[in-house]
Each structure stands twice: as structure tokens, then as C-alpha cells.
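S.K.:
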Amino acid sequence: MPEASLNIAVIGAGPGGYAAAFLAADLGMQVTLIDPEANPGGVCLYRGCIPSKALLHVAKLIAESQQAKNWGIEFPPPKIDLARLRTWKESVVKKLTGGLGQLSKQRHVEYIQGRAAFTNSTTLRITKADSTEAVLTFDRIILATGSRPAIIPALKLASPRMMDSSGALALEDIPGSLLVVGGGYIGLELGSVYAALGTRVTVVEMLPGLLPGADRDLVLPLHKRLEKMFEAILLNTTVASLKEDGAGIRATFEGGAVQEKEKTFDRVLVSVGRKPNSEIPGLETTQVHVGPRGFIEVNKQLQTADPSIYAIGDVVGEPMLAHKASHEGRIAVEAIAGHKVAFEPNAIPAVVFTDPEVAWCGLTETQAEKENREIKVAKFPWAASGRAITLDRPEGMTKLIFDPQSERVLGVGIVGIGAGELIAEGVLAIEMAALASDIAMTIHPHPTLSETFMESAEVFFGTSTHVFRPKRG
Amino acid sequence: MESVIEFKLPVLGENIEQGDLVRLMIAPGATVSEGQTVMELETDKAVIEVPSSVSGTIKEILVKEGDKIKVGQVVFTADSNGASAAAVAQPPHQVEPSPKRAAAPPAKRPSGEQAAAAAKLQPSSLVQPPSQPLSQSAAPPARAAAAGEFRLQEPRLAFQAAIRAEGKTEEQALPPDQPRPRPAAFSMPAQLGKVAGTEHREAVPAAPHTRRLARELGVDIYEVKGAGPGGRIREDDVKAHAKALLTAVVSAAQTPPRAGHFVEPKLPDFAKWGKIERVSMRGVRRKTAEHLAESWNTIPHVTQHDRADITELEQLRARFAPKAEQAGGKMTVTAIALKVCAAALKVFPQFNASIDMEKTEIVYKQYIHIGVAADTDRGLLVPVIRDVDKKNIVELAVELSQLSQKARDKKITLADMEGGSFTITNLGGIGGTAFTPIVNHPEVAILGLSRSRIEPEWIGGKFEPRLILPLSLSYDHRLIDGADAARFLRWVAEAFEQPFLLSVQG
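Chains A and B are the protein sequences, given in the same order.
Residue numbers 1 to 473, in our numbering, belong to the letters of the first sequence in order.
Residue numbers 1001 to 1506, in our numbering, belong to the letters of the second sequence in order.
1) Who are the near neighbours of VAL377 (chain A) in its chain, counting only those whose CB is closer than 8 Å to its CB and skipping five residues on each side?
2) Would you call the stretch 115–124 of chain A in contact with the stretch 137–151 of chain A, where contact means no fewer than 3 C-beta pairs closer than 8 Å?
3) Which one of A:ILE439, A:GLU451, A:GLY17 has the shortest CA to CA distance from PHE461 (chain A)?
4) Run down chain A in chain order and give the residues with a C-beta less than 9 Å from the C-beta of GLU1216 (chain B).
5) Which residues does DSSP pair with ILE112 (chain A) in a beta bridge?
6) Should SER1421 (chain B) and ILE1370 (chain B) be called a contact, given that it needs their Cβ atoms to be closer than 9 Å?
7) Quick one: grab the DSSP three-state call for ALA1103 (chain B).
8) Mind checking the stretch 399–413 of chain A against chain B and listing, in chain order, the residues whose C-beta falls within less than 9 Å of any C-beta there?
9) Indicate the three-state DSSP secondary structure (helix, strand or coil) for ALA1397 (chain B) in the structure shown.
10) Please go through the same chain and pick out, in chain order, the residues whose beta-carbon is closer than 6 Å to the beta-carbon of ALA383 (chain A), but skip the five residues on each side of it.
11) Quick one, which residues of the stretch 434–463 of chain A are near chain B if we go by CB-CB under 7 Å, in chain order?
12) Return the chain-ordered list of same chain residues with a C-beta closer than 7 Å to the C-beta of ALA20 (chain A), the five sequence neighbours on each side being excluded.
13) Would you say ALA1227 (chain B) and ALA433 (chain A) are within 9 Å of each other, going by their C-beta atoms?
14) Determine, using beta-carbon pairs with one atom in the stretch 1291–1304 of chain B and one in the stretch 1462–1477 of chain B, whether at least three such pairs fall under 8 Å.
15) Near ARG86 (chain A), what residues of its chain come up, given a Cβ to Cβ distance below 7 Å and the 5 sequence neighbours on each side ignored?
16) Going along the chain, which residues of the stretch 1264–1291 of chain B sit with their C-beta nearer than 8 Å to a C-beta in chain A?
17) Just tell me which of A:VAL412, A:ALA388, A:GLY411 has its CA closest to the CA of HIS466 (chain A).
18) Using only the alpha-carbon positions, how far apart do ASP1387 (chain B) and ALA1353 (chain B) sit?
19) Is PRO1265 (chain B) buried or exposed, if buried means 16 or more other CB atoms sit within 10 Å of its CB?
20) Using a C-beta cutoff of 9 Å, does VAL1238 (chain B) count as contacting chain A?
21) Give the C-beta separation of ALA435 (chain A) and GLU455 (chain A) to the nearest angstrom, bearing in mind that I take them to be a contact with Cβ-Cβ under 8 Å.
22) How many Å lie between ILE1285 (chain B) and ILE296 (chain A) at the Cα?
23) With respect to the beta strand (DSSP E) encompassing ASP1523 (chain B), which residues constitute its N-terminal and C-terminal limits?
24) Closer than 9 Å, CB to CB, is ILE1233 (chain B) near chain A or not?
25) So, does the CB of VAL1224 (chain B) fall closer than 9 Å to a CB anywhere in chain A?
26) Measuring straight from C-alpha to C-alpha, what distance separates LYS261 (chain A) and ILE34 (chain A)?
27) Straight-line CA distance for ALA359 (chain A) to ALA419 (chain A)?
28) Between which two residues does the alpha helix (DSSP H) holding SER456 (chain A) run?
29) With a 10 Å radius around its C-beta and 16 neighbouring C-beta atoms as the bar for buried, classify SER278 (chain A) as buried or exposed.
30) Helix or strand or just coil, what does DSSP make of LEU56 (chain A)?
31) Specify the secondary structure class of VAL1054 (chain B) as computed by DSSP and reduced to three states.
32) How is LEU1024 (chain B) classed by DSSP in three states: helix, strand or coil?
33) Could you work out which residue in A:TRP71, A:GLY17, A:ALA63 is closest to THR390 (chain A) when comparing CA atoms only?
34) Taking only beta-carbon atoms, is ALA21 (chain A) less than 9 Å away from chain B?
35) Using a cut-off of 7 Å between C-beta atoms, extract the partners of PRO1208 (chain B) located in chain A.
36) First and last residue of the beta strand (DSSP E) that includes HIS1305 (chain B)?
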């Protein structure tokens, strides 16, 4: 059987699932894509990356309109039409998911709105949205079932005031006060949206810093700005209990240097991480292995312990990022097509879309320290960037991490507006094994923030044009 | 999807590429379950039971007894039990409740052009590193799921066959505290669980395109030396590495035609002169032919003859025979010869050696393992007795009896016949006064024993009837000089005559 005529199913149509399905179709396979939504997109498009970015764009506009006062332009406080904002956000989602639906049709991908259950390693019982059932057999099945917001049992409270990320994105109202449990990227992004809309936001983080895992020097400028935007950032603090009282939800805090041990909020957003959706009905009829943390175990070809089943994206492990899932999806399909491929990236970028944005890829300083690994770090402060000054946002910083012997770039970290866009160059540099000299000798356009990448490499040699920091020793 | 599965001959052990099917234990229509022995295969020198890796009802058997079967060859096809219920033997994409699907089948897209493009994308497997473990290789495309299942089982089958060849069961081979390989033994590389993509070895200084090229060529990118700045690995570095690997493989394949494999002169048409029958040269016979031709073509042979007076020894042998019998062995001349030769090999270490012409080195063995040629109905087999110098004659007699029995019962395993450093062959049981045995390459000497008989010996001015054992020592003249051979054989003869010598010098 030539692989062109392979018959494959993809369960879950998020960025991992649809990328896999589309590539499989492009390679000539017969593809069935199964998802509960009307169109492909998954959490990312329906209740994640995309709607949150639409709202963050609005938040940034509001912030800039206020900042404009410093430049001699004053706007009255914004009038917020929540219904229209919602409609716009939903139109963005619709446009993108509809587009994906179109792309599925053009590729002759059989899109089934429904839920799938295994009856054996190659057979699925699919309950469609219209309640009809279908039993289909496939040569290969790709699991791309994603993840869902994690729940802390102690904080489980049946109240309409409680939200997870999906609830927060639904944007039912603009609460007067909001407690965000968890200082990770989801909590900070959504907290920023509500803060910009006028909500008094309190963030509680169990660990001593926001965005655990990111280098502290990258988080600092964001922390400073959020301190002004948010009502409070409570570190080293946990929420002991949540109780509904007449006026809202009463939260009790523990630990940290919290003065008020109790406080009432109009709404609570719990964003303490995500859990893999590995509880797929009938999975026990296959040989698929689920690890202790609920991730499906796969090899570098994304093949599970069941040779006919592959798994990609959030359900196979961290980082739970759409772009990692898409790449894995393509690798899985290429592996199925018989190509010799493996999921072995040198760098996976992470971006926090707050204002300023924080982005990093490859080796972090924190990780190098943990591994006791010798590195050289070169930082370029945006205060020396012409472009950052024109934008009145000089708090940013670009940082390159080098191997001291080969002078190869191993990691990149950026904080500042547009860091999410800038990081891509860092990923490319790492994947191409660029040396400090390669980056320093590549002409970057002036005046742009991208120059900070080039100048960081110049800092490495102690010869940055805009930073006087001669090499020591 | 059809639920027909194929059972292919799995890898049975190192260097075993094929075997002769001596016994088939299945028939069409019968059910077979995983782990069930389906046939006996005679490989070079051992008979191996081959277990099935699939379960189901046998549909068609594609081999017959007497066939030579190669690793990977399909042995039989079967209807898998598991899939039969679920798939209900329906064609793919059959939707039960919804007729819509059947009405509008997905358009057939792969045009000729696309198919060609897809074919072009196929990786050309130039060099497959031999070390690549089976379970990690990317899934071969387009195999029925059940066949994929089989692939997963392959390493385990190889393991089973290998330990079987050593005469062990899985339980014996694995220490008790080690987990048994589960049926679906899946070699899971370090899981992606933590942070996908960072669990593996550290980032390699090569662009994604270069890394993929390496993978396609079967080159481990981590073994490639990058000639670019900062050790960056370029496409050319990968190609050069692959080329070097290929050259190594090719030159290994082209090393001077191995002795024993040189082209035989063409045979005449025997049928011209009368009726003939051609019989396939199977298992032991074929291996013997190859091996002895190789020995003969490699080793410049010389045979030295001598005689040992074993009159006294025979009396001792008769006296101690019951002791050996009690222990379950037979005090034969061969058993005694083992002890004598072990002692002689210690005195003359160049007889317990091998020649490495490639490295122009002599390999002296610090152990004494002696093979004893056994005549069986399957042909010549040479079980090896280990550490002969550390065992007494009774122990040797017992072990020899057991091994010979094992050889005759076809229970002997490959491991029982490996690692010899010297060989003894005794034709005395049949007769003869002398012969010229062929050295068992890569050993360098072999001692032949013929029938001992009473002969008149001139002792003390008169003829006396003495029991004389004829000895024939063939040796590799590249390593052993004639004088040394004469000395060695004399030493052996004297040890037979005066067993006390064993205690003094041996």
C-alpha cells in the first residue's frame, strides 16, 4: 500500500490537528478531521491565543491613548461598548475558523463535527453533532486532543463569578474587581485585558515571581508596569479558600506579606495551568500509554506505544504551545508517510503577550545556571535604541546567551513591545547555529527594534555602537 | 482495511540470515497465538524454535519443509482475531448510519504528478547505521496495523530466539529483579513529558535542513564533525561523513575474496553420463563445507604423526572407569586426551592462539576451551568444553558425555559450539592408523586420534606387546614451525605414556 493512499484520522482540530490534517492531505492521504466545533481551530482559535490577542490589542490601544497625554495628545476616558467589543472578537474568531473550514474543503479533508471514541487501535466510533454515529476504520490515527484549564479542587466553587480562561474570554461583563489566581502567562494576559477595561485586578502567585521559568531580568520590566496597572500583585501567596457571599467571592490568602488576609472580589479567574486531554474514550482498547502526569507517551516520531496511533501537541507534553503542536503535527504526518524525521527542535519560542511582551527561546540563563553550564550573556538595553525612544517605551531589553568557546548563540530573551515578533529572528539564529559574529555582521534596518538583536551581538564583542561597554579583560 | 496479517521470519540472532525449515507445526485454518512455536529452523549449527508474533487464524502458509527461509520472508498470513469483530471486514470509510458518505466518496486526488512527487520525497536509505535500534526507526509506511504490531514485537522475538539459542528460558536469562519485557515492549526514549524538544541531547550546531539531510542519509548528526565556523555542521560535512561510512562499508565488502568463497570451477553436466539426484545442501552440511574449505584455503597445513604407548594408561583408565561412570560419564581416551592437551597447550602457548593477518598480530588466548568433534546423524558437530585446564578427568568425562548426547539429540546450541581454542578429533572408534585432520580455523592446531592397537615394541632387548595410540597433529604452519609441532606432539605422547608428567609440568 503506497502511503499516498493511506487513510488517516486526526482527532482534534486545533493548530496541531489541522496542520497535521492539511499536510497529510497535501501528501495525498485520505484525511478525516474530527472536532466538536463547527470548524477547525481548537482552543487556540476559539478560546485561547486568538481571542485573547484581539482583546490585548484593544488593551494596548487604551493604554497608549492614556500615555498619549505625555506627547501632548489628550483623549477623554474611553467609552466601552462591551457588546461590540465581543462581536468584534467573535468576528475575528469566525473569520479565522471559517477560513480553516474553507481550507479543509479545498484540500478534501473530511471534516466531521463530533466526538471520537476508540473501539480498537484503528477503529473509531464517532458521535456526530447531529447525534448520528459512524464507525470508521483508519490506517493511522493522530491524537491532537489538546488540553483544558487545570482546576485546584480546593478552589472549586460553583458560582457564576468563577471563571477559567474560556470564561474570561467570553467577556460577560467588566467586573469592578477581579482576582487572578496564578501569575503565569494566561493570568497576566487576561488580567491585563480586564485592567485595561477598568477592572481592579489582583494577581496571586504561589511562587516568588511572576512567569515562573522565565529569566528574572526579562520579567522585571513587565512586573514594574503591571504593578502600576494592577491593584496588587501578591507573590509567595496562596488562596486558602474562596467563599461566595452576597457581594462577591470572599478570598482568604495565606503566606507572603499580605496585609489584608481576606478580600472580596466581583469575579475570580483561576489560571493555574492546563491539563492534557488524554482521557479519550476507548483508549484502553489500544496500546497507547499515558504517563503519570496524564501526557500520552510518544517517541521522537510522535508515535505512541501503539504503532498505528500518533499523538501531538498539548496532550504529549510541555510546552503547551500552538506552534509546538503544529510542528509536531507535521512531523507526525511525515513520519507516517515514511520519511525519516524526528521532533528535535533546537529552540521553541515562548511568548507572553502582555505589555510589554516577554519572549524567549533556546537556553535560558536560569536553565544554564541549573545545569552549571558556562555561558556568556550579552544584553542590549532598549534605552539605547532609537526606535524604542520614539515609541516612548525604553524599558525593554534584548539578551543573547552564547557558548563561550564556539561563540554560538544558544538562547535569546527579549522583553519590550513587539518582543513576540522579534523573537523569531532569535529562533532562526539558534536553529541555524549562528555565531555572535554572524549576527553582528548582518545588517539590520534602522530605526527598528530588530537592531537590538544585532547590537546585543556587538555587545558580546564589546563594540556596540550605541552602548559603551568595552570588553573586560 | 483488511485484517490479514503477515508473519515474517524475525531476526533470530546475530549473523543469522536464513535457516532451513525442518519442521512446520502449523496448518491452514488452524489458530495460532502469539508466542506459540510455529516451526523449527535449522540454522548453521543449531535448531531454533520460532515463536509466532501474531495471533489469529492461519490463512495461507507460504513456505514448506525443506525451504530455505530468509529473515523477513513471509511465513504465513492469518486473519487477526482482534480486528475481525471491530472492522466487520468492511471497506475503509464505510459509514453505517450515514449514507451521505458513500454517496460522495472523497475525490481521488493523487494524480500521476503528485504520486511522482510523493515518490521523490521517499527517503533513499543509503546507509542505515547498524546500531539503529529497530523500535526507534520511523514506522515503515503503509503496513497494516497488525503488521506494525509485529514490528514492535520483533526485538522481543529476537531476544527470545537468542536466549533460546543459548538454551535458556526468558526467566533464566533475565535476573529476577529485572522487569520482564511486557508483551507490547515499547522502547520509549526519554519522554517529551518535561519540555518537549529539550529532553534530548543538547542542540547540535546544524541547521534544520542539515539535520534532516543527516536523518535521511541515516547519519547520526551528533557524530558528524562540523568544519564550519564555531563547529557548525554544513551539508557537505554530513555528506562527507556519509561517504566515509559508505566507503568503509564497501571496502569491508570488497576485502580480498574470503577464502572458501572463491569461485568454484564450473561443474560438468553429470546427467550426461547417467541418472543423478540433486539434494539441497542444508544446515550443518553446508556450513561444514564452507567452513572446512575456508580453513583449508586459509591455513597452510602440515600434519605431524607420532605414537603414544598407553599400556599403563589403559590399566589406569580401566581402574578409574567406574569412578567416572558413577559420576555419569565415560572415561574415554578422548576425555584423557582433553586433559593431556590442556596441559600441553599451557606448555606450548602458540598452539592456543589465533592469527590476525589484518593487524599482523598473534592472539594468545588466556583460556583453554577445547572442541571435540562429534559424529552425529546431522553431520559433524564440534561442541566446546570450557576451561579444560581447570577440570579433572572425571569432570571432563562427564561433561563430554553430556555434550555429545546433546549434539546427537539436536539440542546443542550455537553457544555450545563457540569459542574453542583447540580441537580434538577421535576416529579411533571406527578404525584407521593415521589421518590428516583439518585445522578448525581460526584455531591453529588439531589433534587426531586413531585406533590404538597392540603392537610389538622393542623394549629392553626384546619385543613386548604394547598398546599404541596413533596421534596426528595438523597445524597452521604460518604460526607453528615443524620442530615445535614435533616437540608438542612428543610432549603429548609422553604425557599419555607417563601421566605423572601432567602433574609435574601440566
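C-beta atoms are modelled at their ideal positions from N, C-alpha and C, and glycine is treated no differently.
Note that the structure is predicted; figures quoted are calculated from it, not measured.
M.R.: On the basis of the data shown:
1) GLU365, LYS399, LEU400, ILE401, PHE402, listed in sequence order.
2) yes
3) Proximity to PHE461 (chain A) across A:ILE439, A:GLU451, A:GLY17 peaks at A:ILE439, based on C-alpha coordinates.
4) HIS339, LYS340, VAL341
5) Beta-bridge partners of ILE112 (chain A) (DSSP): A:ILE34.
6) yes
7) Confidence at ALA1103 (chain B) is low in this model, with a pLDDT of 40, below 50, so the placement of that residue is unreliable and no value is reported for it.
8) ASP403, GLN405, SER406, GLU407, ARG408, LEU410
9) In the three-state reduction of the DSSP assignment, ALA1397 (chain B) falls in the helix class, which pools H, G and I.
10) Same-chain partners within the cutoff: PRO394.
11) Along the stretch 434–463 of chain A, going in chain order, the ones with a CB nearer than 7 Å to a CB of chain B are LEU435.
12) VAL10, ILE142, ALA144, ILE312, GLY329, ARG330, ALA332, VAL333
13) no
14) yes
15) LEU171
16) none
17) A:ALA388
18) 15 Å
19) exposed
20) no
21) One detail in the question is off: residue 435 (chain A) reads as Leu in this sequence, not Ala. LEU435 (chain A) to GLU455 (chain A), Cβ: 16 Å. No contact.
22) Per the sequence shown, residue 1285 (chain B) should be read as Arg rather than Ile. So the alpha carbons of these two residues sit roughly 52 Å apart.
23) No answer is possible for residue 1523 (chain B): it lies beyond the span of chain B, which begins at 1001 and ends at 1506.
24) When Cβ-Cβ separations below 9 Å define contact, ILE1233 (chain B) makes contact with chain A.
25) no
26) 47 Å
27) Distance from the CA atom of ALA359 (chain A) to the CA atom of ALA419 (chain A), rounded to whole angstroms, is 6 Å.
28) 451–461
29) Around the C-beta of SER278 (chain A), 16 or more other C-beta atoms lie within 10 Å, and the residue is accordingly described as buried.
30) helix
31) coil
32) strand
33) A:TRP71
34) no
35) GLU431
36) First-last of the beta strand (DSSP E) with HIS1305 (chain B): 1301–1309.
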